[in-house]
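Asker: Residue numbers (our numbering), protein chains in the order written: chain A, 1 to 151; chain B, 152 to 500.
First, the structure itself, so that you have it in front of you.
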Amino acid sequence: MTTTGRIRIIDAVSHERLDDEVIAINLETGSYFAFDGAAADCWTLADSGADVDAIADALVSRYEVTPDAAAVDARAFVTALVEIGLAVGIDGSSPADPPPVVPATDAPTAARLPYTAPVVEAYEDLETLLLIDPIHEVDDAGWPMPAAGND
Amino acid sequence: MTDSPHVSVARRFCDDLAARADLALATGSVDRSLRLGGAVVDLRIAGDGLADILVPALAHAHEPSASSDSSAPSGDDDLDIWVWDRRATGVEPPPPAWPLEDHLPSGAVRGFTDGPVRVTFDRWQRVLTVYDVENRRVIVNAADADLVPGWVRRSPLRQVLTAWAAERGWAMVHGGAVATDDGAVLLAGPSGAGKSTTTLTATAAGFGFMGDDAVLVTFDPTPVAHTVFGRAKLEPDAMVRAGEVGSLAVGTEDGAFVLDPAERLVRRAPLRAVALLGIGSSAATVATRIDATDAFRRLVEGGLDEGAAATLTGHRRLVAEVPCVALTLGRDPSGVVEAVGRLASGVLP
Numbered sequence: 001m002t003t004t005g006r007i008r009i010i011d012a013v014s015h016e017r018l019d020d021e022v023i024a025i026n027l028e029t030g031s032y033f034a035f036d037g038a039a040a041d042c043w044t045l046a047d048s049g050a051d052v053d054a055i056a057d058a059l060v061s062r063y064e065v066t067p068d069a070a071a072v073d074a075r076a077f078v079t080a081l082v083e084i085g086l087a088v089g090i091d092g093s094s095p096a097d098p099p100p101v102v103p104a105t106d107a108p109t110a111a112r113l114p115y116t117a118p119v120v121e122a123y124e125d126l127e128t129l130l131l132i133d134p135i136h137e138v139d140d141a142g143w144p145m146p147a148a149g150n151d
Numbered sequence: 152m153t154d155s156p157h158v159s160v161a162r163r164f165c166d167d168l169a170a171r172a173d174l175a176l177a178t179g180s181v182d183r184s185l186r187l188g189g190a191v192v193d194l195r196i197a198g199d200g201l202a203d204i205l206v207p208a209l210a211h212a213h214e215p216s217a218s219s220d221s222s223a224p225s226g227d228d229d230l231d232i233w234v235w236d237r238r239a240t241g242v243e244p245p246p247p248a249w250p251l252e253d254h255l256p257s258g259a260v261r262g263f264t265d266g267p268v269r270v271t272f273d274r275w276q277r278v279l280t281v282y283d284v285e286n287r288r289v290i291v292n293a294a295d296a297d298l299v300p301g302w303v304r305r306s307p308l309r310q311v312l313t314a315w316a317a318e319r320g321w322a323m324v325h326g327g328a329v330a331t332d333d334g335a336v337l338l339a340g341p342s343g344a345g346k347s348t349t350t351l352t353a354t355a356a357g358f359g360f361m362g363d364d365a366v367l368v369t370f371d372p373t374p375v376a377h378t379v380f381g382r383a384k385l386e387p388d389a390m391v392r393a394g395e396v397g398s399l400a401v402g403t404e405d406g407a408f409v410l411d412p413a414e415r416l417v418r419r420a421p422l423r424a425v426a427l428l429g430i431g432s433s434a435a436t437v438a439t440r441i442d443a444t445d446a447f448r449r450l451v452e453g454g455l456d457e458g459a460a461a462t463l464t465g466h467r468r469l470v471a472e473v474p475c476v477a478l479t480l481g482r483d484p485s486g487v488v489e490a491v492g493r494l495a496s497g498v499l500p
């Protein structure tokens, strides 16, 4: 993870935001993620190129969270995205980079939304994936085939 | 702009595969021009066993005059699909252009889930699928038609058509659909939610059939439902409620009846509502309006393995533009039919 905490969502991840919810699916692994509230905002901001400081600032402006907690949570969130394979860390921005897009907040300064720390949680049948053997058998043309007894 | 080395490898592999497909098709092929989603899909299959599996459920979409030039797609949405059976034709595909460890348990190939060439390989069915996006062609090689499971007959080339739909921003929804003269209703939900039973109950009551497991939704610009697969499945215990629709059975698959509702099939209809199904405990069927965000998650989670993942953009647009309801199914079939009919007429809870 870079010092700025800027990340890039990898190309194999398909994601869409609808209102305050983001659904993200890793098309290579089949892992499915659903983010709402602060987590959805963190995702959108990170995807737009915002660094950890900008994400934390946006959380503070929109949610009832202290700057220190927001900073910790924002960095933990983007770190988790990288560790779980949804994103890769990138170096600092260049002058040509467009400014990151921060979602507008409907809440006036005096009425921020209740805050739940953003987490990255996959919904997947890990057991099934783990039970699939790595490929050992190939046919005459070089293409994988089930090992004997594993059909 | 120069291709990256990775893309160059992919393009060379695709061209090599296409050359092998040409050889296989030259041994003899079954050809069909399909009208799907308003576009022309030219399907060519080498291997009679494969043709027997792939053609029947798509027969409703066959329009011999749809393609005036079989050598290349003409419209921006058109597609060529070439399929061949390795054993039947004796033509082998080129070897993989990537390491074995890049074959993932999901069937995807690492590095080839997006970009101009996309590859999947099902190691159990031993079917290779390559989507050459820029040239609007899909090339499929099956090691042996006998390895393709029976359920594929009901929704053939589903993965291929889903990838094509995704590229166009359409949605391939895991669900059924029925239609009246007023419009169509999508009947979605996870396995066991009652999609097939509800679809066929409504069909038995006179609704038009548009599929019981997958429905294509385009935006023309308003949402339109299209029938993709003209086959349905009915479990034995549901036959009691099927009425005369049961007479449309043409075979069995894994203990269930396979139906051909061709005479009741509707090719396309404006989409009036999305119904997320659930089984209730009372006699009455209850419809409750749900918001788009709730519908989005439920629709995607209910269809993760059946097209939702690949057509996420289309699903988001679908729930944003079409009213969504939760439909809790009661034990009384007439109540189910009545509820679906109201939705098709645009009457919302």
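Glycine included, each C-beta is placed from N, C-alpha and C at the ideal position.
For clarity, every value in this text was computed on a predicted model and none was experimentally measured.
1. Using the three-state DSSP reduction, which class does threonine 178 of chain B fall into: helix, strand or coil?
2. Quick check on DSSP: helix, strand or coil for tryptophan 315 of chain B?
3. Check the Cβ of proline 341 of chain B against every Cβ in chain A and list those closer than 8 Å, keeping chain order.
4. For isoleucine 90 of chain A, I'd like the list of residues in its chain whose CB is within less than 8 Å of its CB, leaving aside the five on either flank, ordered along the chain.
5. Identify each residue in the segment 462-496 of chain B for which the Cβ-Cβ distance to at least one residue of chain A is less than 8 Å, and report them in chain order.
6. State yes or no: is the C-beta of leucine 469 of chain B within less than 8 Å of the C-beta of valine 451 of chain B?
7. Give every residue of the same chain whose Cβ lies closer than 6 Å to the Cβ of alanine 212 of chain B, excluding the five residues on either side of it in the sequence, and list them in chain order.
8. Output the distance between the C-alpha atoms of alanine 202 of chain B and isoleucine 441 of chain B, rounded to the nearest integer angstrom.
9. Give the range of the beta strand (DSSP E) segment to which leucine 450 of chain B is assigned.
10. How about the segment 157-174 of chain B and the segment 303-320 of chain B: do they share at least three Cβ pairs that are nearer than 8 Å?
11. Taking 7 Å as the limit between beta carbons, can you name the residues of its chain near aspartate 20 of chain A, skipping five residues before and five after?
12. Which of helix, strand or coil does DSSP assign to threonine 103 of chain B?
13. What residues from chain B crowd round glutamate 21 of chain A, counting only those whose CB sits closer than 8 Å?
14. Shorter than 8 Å from the beta carbon of tyrosine 32 of chain A to some beta carbon of chain B?
15. Taking the C-alpha atoms as reference points, what is the distance between threonine 116 of chain A and isoleucine 55 of chain A?
16. Contact criterion: CB-CB distance below 8 Å. Does valine 138 of chain A meet it with respect to chain B?
17. Taking DSSP's pairing of strands, which residues face alanine 356 of chain B in a bridge?
18. Would the C-beta of leucine 463 of chain B count as close to the ligand NAP, meaning under 7 Å from any of its heavy atoms?
19. Since valine 268 of chain B contacts arginine 162 of chain B with CB under 8 Å, what's their CB separation in whole angstroms?
20. Which residues in the same chain have their Cβ closer than 6 Å to the Cβ of glycine 454 of chain B, if we skip the five residues on either side of it in sequence?
21. What residue does the alpha helix (DSSP H) around aspartate 57 of chain A start on, and which one ends it?
22. Check the DSSP bridge columns for leucine 480 of chain B and list the partner residues they point to.
23. Just the Cα atoms here: how many angstroms apart are alanine 495 of chain B and alanine 328 of chain B?
24. Are any of the Cβ atoms in chain B nearer than 8 Å to that of isoleucine 25 of chain A?
25. Classify glutamate 21 of chain A as helix, strand or coil using the three-state DSSP reduction.
26. Given that threonine 29 of chain A touches chain B, what residues does it touch there, using C-beta distances under 7 Å?
27. Expressed to the nearest angstrom, what Euclidean distance is found between the alpha-carbon atoms of glycine 189 of chain B and aspartate 228 of chain B?
28. Identify the continuous alpha helix (DSSP H) that holds alanine 69 of chain A and give its terminal residues.
29. If you draw a straight line from the alpha carbon of alanine 248 of chain B to that of tryptophan 233 of chain B, how long is it in whole angstroms?
30. Taking C-alpha atoms, which residue in B:Leu279, B:Glu214, B:Cys475 lies nearest to valine 311 of chain B?
31. Please classify serine 398 of chain B as buried or exposed, where buried requires at least 16 neighbouring CB atoms within 10 angstroms.
32. Counting along the chain, where does the beta strand (DSSP E) carrying valine 270 of chain B start and finish?
33. Going straight from the alpha carbon of tryptophan 43 of chain A to that of valine 192 of chain B, what length do you get?
34. Quick one: list the residues of chain A neighbouring alanine 172 of chain B, beta-carbon separation under 9 Å, in chain order.
35. Give the residues of chain A in contact with aspartate 297 of chain B, contact being defined as C-beta atoms less than 7 Å apart.
36. Tell me whether isoleucine 7 of chain A sits in a helix, a strand or coil according to DSSP, three-state version.
Answerer: Reading from the atomic positions:
1. coil
2. In the displayed model, tryptophan 315 of chain B falls within a helix according to three-state DSSP.
3. Within 8 Å Cβ-Cβ: nothing; proline 341 of chain B doesn't reach chain A, min ~13 Å.
4. Thr2, Arg6, Ile7, Arg8
5. Those residues of the segment 462-496 of chain B that come within reach of chain A (Cβ to Cβ, closer than 8 Å) are Leu463, Thr464, His466, Arg467, Val470, Ala471.
6. no
7. Answer for alanine 212 of chain B: Leu185, Arg186, Leu187, listed in chain order.
8. 42 Å
9. First-last for leucine 450 of chain B: 443-453, but that is the alpha helix (DSSP H), not the beta strand (DSSP E).
10. Between the segment 157-174 of chain B and the segment 303-320 of chain B there are fewer than three inter-stretch CB-CB distances shorter than 8 Å, so the stretches are not counted as touching.
11. The residues Asp36, Gly37, Ala40, in chain order, have a CB closer than 7 Å to that of aspartate 20 of chain A in the same chain once the five nearest residues on each side in sequence are set aside.
12. The displayed coordinates of chain B run from 152 to 500. Any statement about residue 103 of chain B would go beyond what the structure contains.
13. Thr444, Phe447, Arg448
14. yes
15. The alpha-carbon atoms of threonine 116 of chain A and isoleucine 55 of chain A are separated by roughly 15 Å.
16. Taking CB atoms only, valine 138 of chain A has a neighbour in chain B less than 8 Å away.
17. Answer by DSSP bridge pairing: none, since alanine 356 of chain B is not bridged.
18. Of ligands this structure carries none, so the ligand NAP is not represented either.
19. 6 Å
20. His325
21. 52-62
22. B:Ile430
23. 10 Å
24. yes
25. strand
26. Leu255, Ser257
27. 8 Å
28. 67-83
29. 20 Å
30. B:Leu279
31. exposed
32. 268-273
33. 37 Å
34. What alanine 172 of chain B touches in chain A: nothing, since even the nearest Cβ is about 14 Å away.
35. Neighbours of aspartate 297 of chain B on chain A: none; closest Cβ ~13 Å, over 7 Å.
36. strand
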